[in-house]
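S.K.: Numbering (UniProt numbering), first residue to last: 1 to 67. Starting off with a structure, shown below.
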Amino acid sequence: MELTLIARVRDGLILATSIEGSDGGDTNLVKYSNQAKMLFKKLHNAPQMQSIESGPYMFQDDVGIAS
């Protein structure tokens, strides 16, 4: 499964979401989506690029690619 979220760093507002490779039965989708939303709210103090592991998944972010 691939979950892509695009958010505004200033306030963590989710601007776009894409889910690929999921049959809708993945119960972890909500859990990891909520974790990603919490990370977005903290990105204004984060390095420009980083990867964060969470269980079997990895969050990757690149701050400032769309200015």
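C-beta: ideal position from N, C-alpha, C; glycine also.
Buried or exposed: Asp61, going by 16 or more other Cβ atoms within 10 Å of its Cβ?
M.R.: The residue labelled residue 61 in the question sits at position 61 within the sequence shown. Asp61 should be labelled buried.
S.K.: Considering only the alpha carbon of each residue, which of Arg10, Leu5, Thr4 lies closest to Lys41?
M.R.: Translated into the one-based positions of the sequence shown, residue 41 becomes position 41. It is Arg10.
S.K.: If distances are taken between C-alpha atoms only, which option among Arg8, Ala16, Leu29 comes closest to Pro56?
M.R.: Translated into positions along the sequence shown, residue 56 becomes position 56. Closest option to Pro56, Cα to Cα, is Leu29.
S.K.: Since Leu39 and Phe59 should fall inside the 8 Å C-beta cutoff, what is the C-beta to C-beta distance between them, to a whole number of angstroms?
M.R.: What you label residue 39 is simply residue 39 of the sequence shown in a count that begins at 1. What you label residue 59 is simply residue 59 of the sequence shown in a count that begins at 1. Indeed they touch by this definition, with Cβ atoms about 6 Å apart.
S.K.: Can you give me the Cβ contacts of Ser54 inside the same chain, cut-off strictly under 7 Å, excluding the 5 residues immediately before and after it?
M.R.: Here residue 54 refers to the residue found at position 54 of the sequence shown. Cβ within range, chain order: Tyr32, Gln35.
S.K.: Between the C-alpha atoms of Pro47 and Glu20, what's the straight-line distance to the nearest angstrom?
M.R.: Position 47 of the sequence shown, counting from 1, holds the residue named residue 47. Position 20 of the sequence shown, counting from 1, holds the residue named residue 20. Each residue's Cα considered, the two are about 27 Å apart.
S.K.: Using the Cα positions of Ile6 and Leu13, report the straight-line distance between them to the nearest angstrom.
M.R.: On the sequence shown, position 6 is the one that residue 6 refers to. On the sequence shown, position 13 is the one that residue 13 refers to. Their backbone Cα atoms lie some 9 Å apart in a straight line.
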